[in-house]
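Taken in order, the sequence shown gives residues 2 to 494; the numbers are from this note's numbering. Ideal placement from N, C-alpha and C gives every residue a C-beta, glycine not left out. What follows is a single structure, written as structure tokens, with notes after it.
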Amino acid sequence: MNRRQFIGSTALAGAALGVTPLLLRAVGGGINSSTAAAAVAGEARVLGIANRSLDINGKAASVFGLTGGDGKPGLTFTEGDQFQVSLINKLSAPTIIHWHGLRPPYDQDGTPNAPMPLLAGGEIRHYDFPVGAAGTHWMHAHTLQEQNLLAAPLIVRVKDAAKTDEQEVVILLHDFSFTPAEELLSRLHKVGGSMKGMDMSGMGKMDMGGMKMDGMDMGGISMPGMAMDLNDIDYDAYLANDRTLGDPEIVTVERGGRVRLRIINGAAATVFTIDTGELTGTLVAVDGQEIEPVPANRFPIAMGQRLDITLALPSDSKAFPILALREGALERTGVILRPSGAAITKIAAKAQVKGPVMDLAFEATLRARKPLAAKAPDRTLRTMLMGDMATYNWTLKPQGPLMVRGGERVHIVMMNHSMMAHPMHLHGHPFQVIDIAGKPLSGALRDVVHVPPMATVTVAFDADHPGKWAFHCHHLFHMVSGMMSSINYEGVV
Ligand SMILES: [Cu+2]
């Protein structure tokens, strides 16, 4: 183990995992009750939620982790598998994990009290449902603990993955702060509170056409630890697979080989642009759903989103950094792809030029490989994304659940009436982007769509998965400050 690996890891390989039967709690409902015997028997894979210690910029950081029985972060399946998992909460605090991108039955989805409560410290909960189609997905706490790295990859490979001759490289991005998430949140509210009553009218007059939000004039208000433009939190570090560019992950690759990057934006509040540098990548899937391939070397990714990018490596013996550029800021993170023998040049954690601001231009170029069948909507839901940095109250209007009926084709029109972008996520259903700013398109299937300030985006989905499904902004601090609703099926109690 090098110092980058878990210094104080409590992750154990195998199923016994030091959880005593006394700590086990049975849970009712559709999820199997737990006993010690059940925890070690059967086909179930073990997934432990535990504390870890990382070295971040030379300082010990106490973070959370999700570790499978093989000691690796997260889980990897093959399409057609069952998601048979025993989730063990080895923390003393309660938590719950959402299987982001999978389509479990409603009671295994992992939103707090919707319908299952948090897992208490020591509790084991059993999950059993089909993993579904192949795709790059992830798992994360549906609580403030997500900020403290309680997230991991959840990969579903195609059946013949071994035959594709592609090296899989998974990159999980994070924003990291040594300040606890609760304090970050209370600072946002405090600064917001102190600005209540100030004249914010100038904000509404900004030219949004070119998305030039950077350098917004806030009248010289000093906002310790914060920026008032795109990013509402300045983090201590930006991580790719738990590491900074000061000591990045070096992935050994084959000269002239093919690589499939599976990139997950697990950050709580940071949009990135993936920069493949001199390599042209081919984007083949977003949010685990195939699209018509798009060649590029820059790919925006909002919180919760995933990108599958294939690379054909040249036969040079040189290393290729794959970077993630923080939106509208100089910070960056990434990993290095390195053929054996290639020299590695140190890359500064700050660039000379700020990372791009994510708008909908790239989204508008994406086309679903397997679009939804053409069908007129049975129901159109309209939701306004409201709130401001001044009060830090965020909401979806109308408030309260949006109702649908099983079998309907549903459109959701999302109108952002605020000056911040909101990556909107619907649980349990992939949706297709079908309209951007009044222009119809057969866009990507996704489960998170980025809605920039003042923009309107329409998505479509088939109501074929009964439940009460969370629908929320994937900016963690917006979500916990009120930008959270649900889509409820009629007749589901
Ligand atoms: Cu938001």
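Residue i - partner residues in DSSP beta bridges
i, result
"glycine 282", "Ala297"
"leucine 403", "Ile488"
"asparagine 242", "For asparagine 242, which the question treats as bridged, DSSP gives no partner whatsoever."
"serine 318", "DSSP, once it has assigned bridges, lists no residue as partnering serine 318."
"alanine 61", "Asp56"
"histidine 99", "His141"
"asparagine 1", "Given that the chain is displayed from residue 2 to residue 494, the structure contains no residue 1 and the question cannot be resolved."
"asparagine 90", "Ile50"
"glutamate 291", "Ala286"
"glycine 305", "Paired residues: none, contrary to the question."
"glutamate 332", "Lys351"
"histidine 466", "According to DSSP, which records beta bridges pairwise, histidine 466 is partnered with nothing at all."
"leucine 326", "Thr274, Arg333"
Contacts around residue i, its chain only, beta-carbon distance under 7 Å, and the 5 residues preceding and following it disregarded
i, result
"tyrosine 393", "Leu189, His190, Gly193, Ser482"
"lysine 371", "Glu291"
"valine 493", "Pro467, Gly468, Lys469"
"serine 341", "Thr253"
"glycine 122", "Asn90, Leu92, Ser93, Ala94, Pro95"
"glycine 247", "Asn58, Ala350"
Nearest-angstrom beta carbon gap, residue j and residue i [assumed within contact, 8 Å]
i, j, result
"lysine 351", "leucine 331", "4 Å"
"leucine 386", "histidine 418", "6 Å"
"alanine 268", "methionine 304", "6 Å"
"methionine 421", "methionine 390", "7 Å"
"leucine 67", "arginine 46", "12 Å between Cβ atoms; not a contact."
"glycine 356", "glycine 388", "The pair is not a contact, with the Cβ atoms about 24 Å apart (cut-off 8 Å)."
"arginine 256", "serine 318", "6 Å"
"leucine 150", "phenylalanine 177", "7 Å"
"asparagine 298", "glycine 282", "6 Å"
"alanine 115", "glutamate 80", "Actually they do not touch by this definition, with Cβ atoms about 27 Å apart."
"leucine 185", "isoleucine 125", "With a Cβ gap of about 31 Å, leucine 185 and isoleucine 125 do not count as contacting."
"leucine 326", "glycine 258", "Actually they do not touch by this definition, with Cβ atoms about 25 Å apart."
"leucine 173", "asparagine 242", "6 Å"
"histidine 141", "histidine 101", "6 Å"
"valine 499", "glutamate 167", "The requested residue 499 does not occur in the structure, where the chain is confined to residues 2 to 494."
Own chain partners of residue i with C-beta closer than 8 Å, once the 5 adjacent residues on each side are dropped
i, result
"glutamine 83", "Glu44, Asp129, Phe130, Pro131, Val132"
"methionine 485", "Leu397, Ala471, Phe472, His473, Cys474"
"serine 443", "Arg368, Ala369, Pro372, Gln433, Ile435"
"glutamine 353", "Leu331"
"glycine 439", "Thr457"
"alanine 365", "Ile437, Lys440, Leu442, Gly444"
"glutamate 491", "Met404, Val405, Arg406, Gly407"
Contact set for residue i: own chain, Cβ-Cβ below 6 Å, skip 5 residues either direction
i, result
"proline 301", "Thr274, Met359, Phe363"
"valine 171", "Pro154, Arg263"
"valine 285", "Pro294, Asp309, Thr311"
"asparagine 489", "Pro402, Met404, Lys469"
"threonine 384", "Leu397, Met415"
"histidine 428", "Asp110, Trp470, Ala471"
"proline 296", "Thr281, Thr283"
**OP:** List in chain order: all unbroken alpha helix (DSSP H) runs of 4+ residues lying wholly within the segment 340-371.
**Re:** 362-366
Subject >> Uninterrupted beta strand (DSSP E) stretches inside the segment 101-179 (no shorter than 3 residues) >> reply: 125-131, 136-142, 152-158, 168-177
Subject >> Those runs of the beta strand (DSSP E) which lie wholly inside the segment 396-453 and span at least 3 residues >> reply: 403-405, 410-417, 423-427, 432-437, 449-452
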